Amino acid sequence: MRNSEIYFLFFVLETRTSTCHCEYKNVVFRSIFEIEPTSTIQSCSKTSALGTGQAVISKSVLSNKSKGYQLKILDLQYDCVINGTVAFGKASYEEAVALLIPLIDKTEFQRKLQDKKFYSKLERDIADGCVMPPITVAFVTAKPVKEKDIEKYVNANINSSFVLDGIQRLNTLHRASVTTEFNDNNNLYINFILCDSVEKLLYRMITLNNGQRPMTPRHQVEIMIANAFDFEALGINVVAEKDANMHNSRTSFRKSDIIQAYLAFMADSPIVDNKKIIEEKMDDLLVGKIMAIEPTKYKSSFKEFLGLISIFQKNAEAFKWLKTTNNLVGFAAGAKHSTKKLKSMNEDQFALCIETFDKAFSDFNPSRIKVGKYRRELSCEYFKNLEEYEDLDAEELLERFSELTAND
1 MRNSEIYFLF FVLETRTSTC HCEYKNVVFR SIFEIEPTST IQSCSKTSAL GTGQAVISKS
61 VLSNKSKGYQ LKILDLQYDC VINGTVAFGK ASYEEAVALL IPLIDKTEFQ RKLQDKKFYS
121 KLERDIADGC VMPPITVAFV TAKPVKEKDI EKYVNANINS SFVLDGIQRL NTLHRASVTT
181 EFNDNNNLYI NFILCDSVEK LLYRMITLNN GQRPMTPRHQ VEIMIANAFD FEALGINVVA
241 EKDANMHNSR TSFRKSDIIQ AYLAFMADSP IVDNKKIIEE KMDDLLVGKI MAIEPTKYKS
301 SFKEFLGLIS IFQKNAEAFK WLKTTNNLVG FAAGAKHSTK KLKSMNEDQF ALCIETFDKA
361 FSDFNPSRIK VGKYRRELSC EYFKNLEEYE DLDAEELLER FSELTAND
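Residue numbers (UniProt numbering): 1 to 408.
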């Protein structure tokens with residue numbers, strides 16, 4: 001492996017030169033996002049279309065499909081933590097808008113695209129010829145891609161990728177493109193990550209998440225779920241709360257429950273929320289749990305877990321059980337440790353397992369326990385050690401559960 005290299009974008013500000021003259025006098029401070037120079041700003045001479053600092057109205061570059069847009073790869077490096085390749089590339093602003101904006105449009109996520117005012121300063125800076133910070137685009141690859149083929153792969157499969165870091169910057173660039181004519185000297189630098197696991201990408205996404213308004217783990221999982229999993233192909237109906245009606249709510253999983261299950265799967269813990277802890281602190285604890293797990297040591301993938309759900313849901317009782325949030329979250333946290341065993345079961349065998357579990361659980365006194373917490377933790381315990389528990393009857397299982405909860 002080559003020696004690790006660190007890549008920098010150097011921003012050089014030269015005053016009173018002929019090449020790049022940026023003169024800020026009598027700066028008016030309104031807020032951090034409304035810093036306006038009251039004197040003339042001359043942009044870099046290379047960006048002649050913006051030389052006066054004025055926006056030039058042009059047709060949207062999105063309508064120009066005839067150009068042979070090509071993303072360029074400048075260098076490669078192997079990431080030993082996620083066992084993936086990072087390709088350092090670039091695209092002109094025009095190419096970025098044409099090729100990367102659709103990656104955002106195709107997802108329902110949109111991160112409730114933040115108030116335009118928040119990014120209005122960056123939008124104005126883009127019009128004045130600023131160099132944008134790099135963004136990160138991810139690919140989940142079924143097979144390793146040879147180094148010599150990566151540029152070809154990236155260009156051929158760009159529509160199958162998704163933006164891991166930089167959604168807001170891309171949207172700001174898109175807005176700027178409506179009123180600004182870019183030329184070939186305006187470049188966006190892109191880190192392309194290619195690896196074989198959605199879980200590893202989520203791990204990397206959390207480490208990248210250092211923006212001005214960080215996304216919570218739940219927002220990050222929304223990105224993954226919207227981009228990485230084809231629920232329809234898996235035979236699983238998932239509906240967002242806002243789209244739910246009486247019929248599809250009975251026949252579908254709630255999207256929020258799938259998100260909770262993914263968090264439990266990644267954190268290796270059924271405790272992914274706690275109303276007694278402020279949300280920001282709970283998110284910190286959750287990130288800590290996820291980051292504590294080495295991404296190369298995942299025993300299974302969430303896609304495999306969804307494959308199990310698609311099979312087990314065929315049994316009506318099993319489907320009803322899985323639709324209960326506490327059951328699904330506990331099952332997700334435990335199932336990753338018993339994937340091989342669960343794959344050997346059909347839906348009716350799974351239904352027998354949960355029947356035994358529920359019989360044992362029903363003997364707990366609901367007035368003496370926190371039912372939701374116990375259900376999550378014990379369903380996690382049961383499926384985490386399925387080979388140990390599967391041959392026990394309800395009474396024997398209750399005895400084991402009683403021992404585990406004796407000190408609660």
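Virtual Cβ for every residue (Gly too), placed ideally from N, Cα, C.
Here the structure is a predicted model, which is why all the values come from computation and not from measurement.
Where does residue i sit, in a helix, a strand or coil, going by DSSP?
i	result
residue 130	coil
residue 334	helix
residue 180	coil
residue 300	coil
residue 313	coil
residue 324	coil
residue 394	helix
residue 91	strand
residue 371	helix
residue 72	strand
residue 238	strand
residue 329	helix
residue 81	coil
residue 54	Bear in mind that a pLDDT of 30 at residue 54, under 50, signals an unreliable position, so the model cannot answer this.
residue 363	coil
residue 149	helix
For residue i and residue j, what's the separation of their Cα atoms in angstroms?
i	j	result
residue 187	residue 174	14 Å
residue 377	residue 330	6 Å
residue 181	residue 172	14 Å
residue 312	residue 336	15 Å
residue 228	residue 178	30 Å
residue 235	residue 345	18 Å
residue 80	residue 252	39 Å
residue 153	residue 97	19 Å
residue 317	residue 261	19 Å
residue 203	residue 250	33 Å
residue 93	residue 201	25 Å
residue 290	residue 183	42 Å
residue 176	residue 132	12 Å
residue 436	residue 268	Residue coverage of the chain in this structure runs from 1 to 408, which leaves residue 436 outside it and unanswerable.
residue 386	residue 135	43 Å
residue 39	residue 124	Reliability of the predicted coordinates at residue 39 is poor, the pLDDT of 34 falling under 50, and no value is obtained from them.
What residues match up with residue i in a beta bridge as DSSP calls it?
i	result
residue 195	140
residue 187	92
residue 86	77, 193
residue 135	190
Which residues in the same chain have their Cβ closer than 7 Å to the Cβ of residue i, if we skip the five residues on either side of it in sequence?
i	result
residue 334	379, 380, 381, 382, 383, 384
residue 147	76
residue 1	For residue 1, the pLDDT reaches just 42, beneath the cut-off of 50, and the residue's location in the model is therefore unreliable, leaving the point undetermined.
Quick test of your reading: residue i and residue j, contact by CB under 8 Å. State the CB separation rounded to the nearest angstrom.
i	j	result
residue 91	residue 103	Between residue 103 and residue 91 the Cβ distance is about 12 Å, and since that is not below 8 Å, they are no contact.
residue 314	residue 355	That belief does not hold up - the Cβ atoms of residue 314 and residue 355 are roughly 16 Å apart, past 8 Å.
residue 397	residue 357	7 Å
residue 302	residue 238	Wrong, their Cβ atoms sit about 13 Å apart, outside the cutoff.
residue 205	residue 149	Not a contact, Cβ separation roughly 25 Å.
Is any beta-carbon of chain D found at less than 7 Å from that of residue i?
i	result
residue 86	Absence of chain D from the displayed structure is noted, only one protein chain being present.
Note down, in chain order, each residue of its chain lying with its Cβ closer than 6 Å to the Cβ of residue i, except the 5 sequence neighbours on either side.
i	result
residue 327	321, 379
residue 95	69
Using C-beta distances below 8 Å, list every residue in its chain close to residue i, excluding the 5 sequence neighbours before and after it, in chain order.
i	result
residue 151	71, 72, 73, 87, 89
residue 142	196
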